[in-house]
Amino acid sequence: IKNNGRLQTLLNYEWQVWKMLRSNRIILTDVDGVLLEWENHFTQWMLNRHYFTDTGDKIYPYKLLPDKQNTYEMAERFGLSISEIRKEIREFNKSAWMGTQLPMPDSQTWVKLLHAEGWTLIPITSQTSDIPAQLLRKKRLGELFGDHVFQNYHILDTGADKNSALSEFHGTGLYWVEDKPKNALCGLEYGLKPIIVDHPYNRDFSHPDITRVNNWKDIHDITQNKR
C-alpha cells in the first residue's frame, strides 16, 4: 500500500509537469541577478565577516580594495584568490542571508502579473547542495513573489553548470531568463529562447538569437509580443 501511494504521488507529479509543458506558458529562470539581488548582498556579507582574537579583539578580515568597489569579479573586489572567493561564496549561499535577499527592481510586480496571466516559473539556480539553505531560498521566493508562482525547482550545487537541468527541456522552445552569457548560450544549444537581463558585467556580450532586457517589465512585453 505504501509503495502504491508513492507511485501515485510520482504519477501525479509527472502529470502536473506534463500539463505545464503542454500549456507552454512556462518561463525557465535563473534566480541570482534575475529574481533576487546577489552582488551587493554578498558584498555586505563579506564586509560583516569577522573573528575574535585570543585577546577578544574583533577582526574584520575583508575590505573592498580601492577602485574595485564595482568590479563584478569578487576575487578582485576583495583581493582574494579564486579558490578563496569560491569558498566564501559557498558559505554565503548556504547562510541565513539567503532569507534576506532583496528582489531585483520591479521584479515583484511583473512576475506576479505573469503568474496571474497563467505563466509558471521554473527556477534553475546554482545556489548550493545544502538542503536547509535550499528550503530557505524557496521560502524567500515565496515570500516575495507568492507561494504558487514557482514550480519544479532545480537547485544545483554552488557554481554548477546548468546543462543537465536545461537538457530536460530540450527542444521545448521555452523562455530561459539568465544574467550570465555562458548559461544563456547553453539554453540556446538546447533549443530554448534565452533572455539575458542587462548588467554591467554582461554588456560586452551580444548574440542575434539572445534577447537583452532591462527588467521583468521587458520580459512581460515579450510574452505579450510587444517586443
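Residues in the sequence shown are numbered from 14 upward in steps of one, following our numbering.
Idealized CB from N, CA, C, for every residue including glycine.
On a predicted model such as this, the values are computed, not experimentally measured, just so you know.
Query	Result
Straight-line Cα distance separating Ser142 from Ile208	26 Å
Asn53 versus Lys151: straight-line alpha-carbon distance, rounded	20 Å
Start and end residues, beta strand (DSSP E) containing Val190	Tyr188 to Glu191
Of the listed residues Val162, Thr236, Glu50 and Thr122, nearest to Gly245 (C-alpha basis)	The displayed coordinates of the chain run from 14 to 240. Any statement about residue 245 would go beyond what the structure contains.
Terminal residues of the alpha helix (DSSP H) in which Pro145 lies	Ile144 to Phe158
Straight-line gap, Thr84 to Tyr75 (C-alpha atoms, nearest Å)	15 Å
Cβ neighbour criterion (16 or more within 10 Å) applied to Tyr73	exposed
CB contact flag (Ile137, Ala178, <8 Å)	yes
Residue(s) in a DSSP beta bridge with Lys206	Tyr188
Any C-beta of chain C under 8 Å from that of Ser139	Here there is only one protein chain, and chain C is not present.
Cβ pair Thr122, Arg38 closer than 8 Å	no
Rounded separation between Ser94 and His233 - CA only	40 Å
Cβ pair Ile40, Val190 closer than 8 Å	yes
Segment contact flag, the region 112-122 with the region 224-233, C-beta cutoff 8 Å, min 3 pairs	yes
Buried versus exposed call for Asn196 [16 or more other C-beta atoms within 10 Å across all chains shown]	buried
CB contact flag (Ser139, Ala173, <8 Å)	yes
Rounded straight-line distance, which links the Cα of Gly69 to that of Ala146	31 Å
Beta bridge counterpart(s) of Pro136 as assigned by DSSP	Thr42
Contacting residues, own chain, Cβ-Cβ under 8 Å from Pro116 (five flanking each side not counted)	Leu48, Leu49, Glu50, Leu157 and Phe158
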